[in-house]
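Shown next, in structure tokens, is the structure this report addresses.
Now the structure itself:
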């Protein structure tokens, strides 16, 4: 994320408010829930990588993740191109 032109968007008031609203509405990590655990989410994550697309950046879709899942599993999934957990439009895991 750092070094990209859009990385500054994460520091804006607009993003901070969007993140806050999302986490208030969806306070639990969806990946932890899929594993049968309840963990408070700290990250409002873009389900689909936005890669600088302002429409995707500001409008999502988003999911709530704990920092551990965001910094490990989610990053690995994005790099591999595979999905471990399918997430519905409501931000919650889809039962397989």
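In our numbering, the protein residues as written are 263 to 358. Backbone N, C-alpha and C define an ideal beta-carbon position, used for all residues, glycine too.
query                                                                                                                                                                              : result
Which residues in the same chain as residue 268 place their Cβ atom closer than 6 angstroms to its Cβ, once the five residues preceding and following it in sequence are excluded? : 314
Report all residues from its chain with a CB closer than 8 angstroms to the CB of residue 312; omit the five preceding and five following residues, and keep chain order.          : 268, 318, 319
Hey, could you find the ends of the beta strand (DSSP E) residue 305 is sitting in?                                                                                                : 305-308
Smallest Cα separation from residue 286: which of 326, 330, 266, 274?                                                                                                              : 326
Would you say residue 302 and residue 289 are within 8 angstroms of each other, going by their C-beta atoms?                                                                       : yes
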